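Structure record follows, encoded as structure tokens.
Protein chains in written order, with the numbering used here: chain G, 1 to 109; chain S, 1001 to 1202.
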């Protein structure tokens, strides 16, 4: 590298001079207008209620929360009304006392 | 780098309007500073991408307007965002295919010879202005990381001080100083590689 130091220095200097003297070129026509259009799109996106995404996701979580709450309340109600036996609880939750095979399968009956 | 404030309401007055819920007021700032941001972008990214970077910079400025304080003029604040948008451009292109050494045109290789052989200052300056220099510069910077590239451009090519470059990029002065040295060494090695390849061919 040492023997080429002067060559490198000259090329480097020429590149620096070129960069500093470079003409940035004509500003593209309607540049500001295009920027404004993109900004407007961004504003409108922010103002419009999102169809998907965060709002839908929020609804799903709210639904999940309410479902869990109902399950807990039903369980509490069942216990408070002396639904101690597993059969009664199963009947209540399955809403059909005759469909008890599944309950038997799990040894609840 | 910064233009004088034009006629009409002051920047701060416009910003206050935007903050008060009138986003359309920001359009005045776009018209006022589009040329400044374009000049910054066209110095740091290829010409056909400068417009996209300008749009990104204004979008970022609009979204970050809440964090703007009057510590610095709006133009300076916007310049910093523009420089960082250029850095983000290179970061997003990281890993794209590099052009091999042989892709450098014959004209650019000849240009190096003419620069080295230029006997007068006038001849040297005339060569510096030629478009081949642009190709060679892009080639020499191609192997630099986005951070090194930005530091090299700001400190060595544009002549900003380390502190100014650190301020524009939002990095520490120490980090910029280290990168300035490293990036310049890398560029010199890149030029040396081209010279050696040229010598082997002849």
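Just so you know, even glycine gets a beta-carbon here, dropped at the ideal spot from N, CA and C. Given the structure is predicted, the values throughout are model-derived calculations rather than measurements.
- Message: Please classify residue 1122(S) as buried or exposed, where buried requires at least 16 other C-beta atoms within 10 Å of its C-beta.
- Response: exposed
- Message: How far does the alpha helix (DSSP H) with residue 1134(S) in it extend, from its first residue to its last?
- Response: 1131-1141
- Task: Taking residue 14(G) as the query, report the chain S residues whose CB atoms sit under 8 Å from its CB, ordered along the chain.
- Result: 1115, 1124, 1127, 1128 and 1133
- Task: Report all residues from its chain with a CB closer than 6 Å to the CB of residue 1037(S); omit the five preceding and five following residues, and keep chain order.
- Result: 1054, 1057 and 1082
- Determine the closest residue to residue 28(G) out of 1026(S), 1042(S) and 1023(S), with distance taken between C-alpha atoms. 1042(S)
- Task: Please classify residue 30(G): does DSSP put it in a helix, a strand, or coil?
- Result: coil
- Tell whether a beta-carbon distance below 8 Å holds between residue 1034(S) and residue 32(G). yes
- Item | Closer than 7 Å at the beta carbon, the chain G residues around residue 1027(S) | Result: 36.
- Message: For residue 70(G), would you say it is in contact with chain S, using Cβ-to-Cβ distances shorter than 8 Å as the test?
- Response: no
- Mind reading off the beta-carbon distance from residue 16(G) to residue 1030(S)? Whole number of angstroms is fine, and I expect it under 8 Å. That belief does not hold up - the Cβ atoms of residue 16(G) and residue 1030(S) are roughly 32 Å apart, past 8 Å.
- Task: Give the straight-line distance between the Cα atoms of residue 1013(S) and residue 1021(S), rounded to the nearest whole angstrom.
- Result: 13 Å
- Task: With a 10 Å radius around its C-beta and 16 neighbouring C-beta atoms as the bar for buried, classify residue 1011(S) as buried or exposed.
- Result: buried
- Using the rule of at least 16 other Cβ atoms within 10 Å of the residue's Cβ for burial, across every protein chain shown, is residue 68(G) buried or exposed? exposed
- Are the C-beta atoms of residue 1083(S) and some chain G residue less than 8 Å apart? No, because no Cβ of chain G sits closer than 8 Å to the Cβ of residue 1083(S).
- Near-chain G residues of the stretch 1035-1049 of chain S - C-beta to any C-beta below 7 Å: 1035, 1038, 1039, 1042, 1043 and 1047
- Which chain G residues sit within Cβ distance under 7 Å of residue 1106(S)? Here the premise fails: no neighbours, minimum Cβ distance about 17 Å.
- Task: For residue 45(G), go through chain B and note every residue whose CB falls closer than 9 Å to its CB, in chain order.
- Result: This model lacks chain B altogether; the protein chains it does include are G and S.
- Message: Any heavy atom of the ligand HEM inside 7 Å of the beta-carbon of residue 1020(S)?
- Response: Annotation note on the ligand HEM: not contained in the displayed structure, which lists no ligands.
- Item | Whether residue 11(G) touches residue 1174(S) by CB criterion (8 Å) | no
- Closer than 8 Å at the beta carbon, the chain S residues around residue 27(G): 1034, 1035 and 1038
- Task: Measure the alpha-carbon distance for residue 1099(S) versus residue 60(G) and round it to whole angstroms.
- Result: Residue placement at residue 1099(S) cannot be trusted, given a pLDDT of 49 that sits under 50; what the coordinates show is reported in the next sentence. Straight-line Cα distance between these residues: approximately 49 Å.
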